[in-house]
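For the sequence shown, my numbering assigns the number 19 to the initial residue and increments by one for each residue that follows.
Notes for the one structure printed next.
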Amino acid sequence: MAGYVVVILPLAAYSAVLSGREGGSPGFFALARLASVSLAALSGVLLSASVTREIRGLSRYLGGLFERFHEPPPVVESKDELERAASKAKLLADRILLTMDMLRDEKEKVGAVIEQMEDGVALMNSKTEIILHNEAFTKMLDVRRGSDFTGVPIREVVRNPSLLGAIDSYAAAGNTVRREMAAGAGAHISVIITPFRQDLPQKRALLILHDITQQKKIERMRADFVANASHELKTPLTAISGFVETLVDGSVADPETAGQFLAIIQKHVERLSRLVDDLLTLSDMELGREKLEYSEMTPESVINGVEQFFLKTAQNTGISISREVAPDVGVLRADRDKLTQILLNLVDNAIKYTPRGGSVALKCRRVSVSPGTVAAFAYPSLDGNPILPETGEGWRRDFVEFCVADTGEGIPEKSLPRLMERFYRVDNARSRERGGTGLGLSIVKHILISHGGSIRIESELGRGTAISFIIPA
19 MAGYVVVILP
29 LAAYSAVLSG
39 REGGSPGFFA
49 LARLASVSLA
59 ALSGVLLSAS
69 VTREIRGLSR
79 YLGGLFERFH
89 EPPPVVESKD
99 ELERAASKAK
109 LLADRILLTM
119 DMLRDEKEKV
129 GAVIEQMEDG
139 VALMNSKTEI
149 ILHNEAFTKM
159 LDVRRGSDFT
169 GVPIREVVRN
179 PSLLGAIDSY
189 AAAGNTVRRE
199 MAAGAGAHIS
209 VIITPFRQDL
219 PQKRALLILH
229 DITQQKKIER
239 MRADFVANAS
249 HELKTPLTAI
259 SGFVETLVDG
269 SVADPETAGQ
279 FLAIIQKHVE
289 RLSRLVDDLL
299 TLSDMELGRE
309 KLEYSEMTPE
319 SVINGVEQFF
329 LKTAQNTGIS
339 ISREVAPDVG
349 VLRADRDKLT
359 QILLNLVDNA
369 IKYTPRGGSV
379 ALKCRRVSVS
389 PGTVAAFAYP
399 SLDGNPILPE
409 TGEGWRRDFV
419 EFCVADTGEG
429 IPEKSLPRLM
439 ERFYRVDNAR
449 SRERGGTGLG
459 LSIVKHILIS
469 HGGSIRIESE
479 LGRGTAISFI
489 IPA
């Protein structure tokens with residue numbers, strides 16, 4: 019036994035010595051007793067030294083553990099080895115408990131951050147079992163929301179073939195995989211699977227899902243805009259080029275015919291000018307460069323000006339214009355020029371698409387909205403920002419509502435959601451024939467957004483269209 023001295027004495031002999039039966043003398047008895055005591059003392063000393071070495075070793079080991087916390091070993095003022103070791107053990111236990119509390123707090127913080135992320139996040143082990151995930155992960159994959167899939171193989175959760183293919187690619191190579199996939203309801207999701215903490219014994223992978231639906235929509239709109247703008251510019255330029263070539267070649271000797279050609283060229287040049295002006299206006303609005311000049315005005319004065327502007331045109335086309343302004347409409351604070359631009363655009367469209375003998379009406383009234391009447395408020399948000407308070411009681415919002423109603427051709431129901439898109443036309447040929455650029459309602463939309471307003475369109479084929487918009491009073 020290492021560290022111990024074992025002394026074995028025959029019991030019978032030892033008893034005989036003590037009793038003197040072996041003929042021993044009292045001196046011999048004293049000597050034997052002294053030898054026994056000495057051996058016992060020697061054993062105690064050796065045992066104590068061994069225990070002391072073990073305690074010192076334990077104390078050094080405990081001190082070394084503090085270095086893992088990047089702290090120097092504690093200094094314990096005591097001559098007792100056991101007391102010093104016990105003190106270090108207590109200090110180490112306190113430090114471990116403190117570290118556990120800190121780790122628990124950090125875990126809760128990280129968990130809260132991950133849960134609040136808009137991106138879907140899931141951590142997988144080498145068996146592609148889910149270690150953790152957030153709510154956005156289940157939401158994007160349209161699986162059972164609120165469910166905990168910890169420990170579940172991801173293939174039992176995911177049903178999207180593109181995502182499963184990305185997981186298989188990562189499992190085969192172990193390198194970062196990037197994919198884009200289509201999800202339900204026209205959504206598009208970017209997928210990233212990348213190694214996570216490769217220094218750990220068990221390999222893990224981080225799966226990130228990012229919603230790129232809006233990005234794809236913007237890309238599609240940009241591509242459509244370029245295509246439409248190119249087409250809108252090319253059409254009049256082609257016509258101008260053709261007539262100019264004919265005139266330059268001298269093929270037209272008749273001055274009257276040449277004059278007609280020049281009139282057509284002028285018409286297309288004016289159309290190009292309107293298109294460029296509308297494009298610049300729309301660009302300034304989208305980039306926030308268009309500044310509003312607010313002033314107080316009566317809505318009736320604005321409507322009167324618009325009515326007078328179209329009075330001659332309406333008479334020439336056999337269309338009647340009327341106006342109806344509520345007596346309590348009050349005063350409005352807005353950009354007068356921009357408000358006039360909205361009404362000019364809407365009335366111009368109404369006259370263009372209303373047959374002879376029809377009518378166009380301009381109406382204006384004051385609208386008050388409160389928690390009790392919000393259900394009847396039929397105006398949507400144009401930019402995603404709420405028009406009305408989302409919660410609370412006792413609030414009230416006042417708006418001035420304008421309406422331009424005609425008895426014209428009407429608009430197909432399928433076209434109503436797209437009327438605010440740039441260059442969108444219900445009937446391309448007829449719109450170009452009547453001089454439209456396809457940007458008017460897009461400009462109207464951005465003017466209303468800058469005022470914090472909204473717009474809605476109601477139409478019935480063969481019976482007419484009513485376009486209403488509101489501006490905060």
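Here a beta-carbon is modelled for each residue, glycine too, at the ideal position from N, C-alpha and C.
Bounding residues of the alpha helix (DSSP H) (the contiguous stretch that carries residue i)
i: S291; result: P273 to E304
i: D18; result: The first residue shown for the chain is 19 and the last is 491, placing residue 18 beyond what the model contains.
i: E325; result: P317 to T335
i: T7; result: The structure shown has nothing for residue 7, since the chain only spans 19 to 491.
Contacting residues, own chain, Cβ-Cβ under 7 Å from residue i (five flanking each side not counted)
i: A491; result: G348, L350, R384, D416, F417 and V418
i: F261; result: F279, I282 and I283
i: L181; result: M199 and V209
i: V161; result: V175
Cβ-based burial, residue i [other Cβ within 10 Å; buried from 16]
i: L116; result: exposed
i: H249; result: exposed
i: L305; result: exposed
i: R39; result: Annotation note: pLDDT 49 at R39 (below 50); position unreliable, coordinate value reported separately. It is exposed - the Cβ of R39 has fewer than 16 other Cβ atoms within 10 Å.
i: M120; result: exposed
i: Y397; result: buried
i: Y188; result: buried
i: M239; result: exposed
i: S486; result: buried
i: E427; result: buried
i: Y312; result: exposed
i: G376; result: buried
i: L380; result: buried
i: F420; result: buried
i: G114; result: Reading off the sequence shown, one finds Ile at residue 114, where the question assumed Gly. By the neighbour-count rule (16 or more Cβ atoms within 10 Å), I114 is not buried but exposed.
i: P254; result: buried
i: I461; result: buried
i: N152; result: buried
Proximal residues to residue i (C-beta, below 8 Å), its chain only, five neighbours per side dropped
i: K108; result: none
i: M19; result: At M19 the pLDDT is 44, less than 50, meaning the model places this residue with poor confidence and gives no usable figure here.
i: T358; result: V320, G323 and V324
i: V170; result: E147 and I148
Residues near residue i in its chain [Cβ-Cβ closer than 6 Å; skip 5 each side]
i: P389; result: E411
i: G458; result: N363
i: Y442; result: R436
i: A368; result: V378, V422 and D424
Residue range of the beta strand (DSSP E) that includes residue i
i: I236; result: From DSSP, I236 is part of no beta strand (DSSP E) but of the alpha helix (DSSP H) over T231 to V266.
i: M135; result: First-last for M135: undefined, no H or E at that position.
i: L380; result: S377 to V387
i: V343; result: S338 to V343
i: L406; result: Neither: L406 is in no beta strand (DSSP E) and is coded neither H nor E.
Residue i Cβ short of 6 Å to the ligand FAD heavy atom set
i: G202; result: The model depicted lacks the ligand FAD and carries no ligand whatsoever.
Fill in: Segments assigned beta strand (DSSP E), at least 3 residues, entirely inside the segment 411 to 485
415 to 424 and 472 to 478
Practice prompt. Would you check if there are 3 or more beta carbon pairs closer than 8 Å linking the segment 427 to 440 to the segment 469 to 481?
Written response: yes
Worksheet item: Which whole runs of the beta strand (DSSP E) in the segment 186 to 218 are 3 residues long or more, in chain order?
Response: 195 to 200 and 206 to 214
Worksheet item: Just checking, does the segment 219 to 237 make contact with the segment 137 to 144 on the three C-beta pairs under 8 Å criterion?
Response: yes
Worksheet item: Counting Cβ pairs closer than 8 Å, one from the segment 288 to 295 and one from the segment 314 to 331, do we hit at least three?
Response: no
Worksheet item: Does the pairing of the segment 185 to 195 with the segment 205 to 224 give three or more beta-carbon distances under 8 Å?
Response: yes
Worksheet item: Three or more beta-carbon pairs under 8 Å between the segment 480 to 491 and the segment 318 to 326, yes or no?
Response: no
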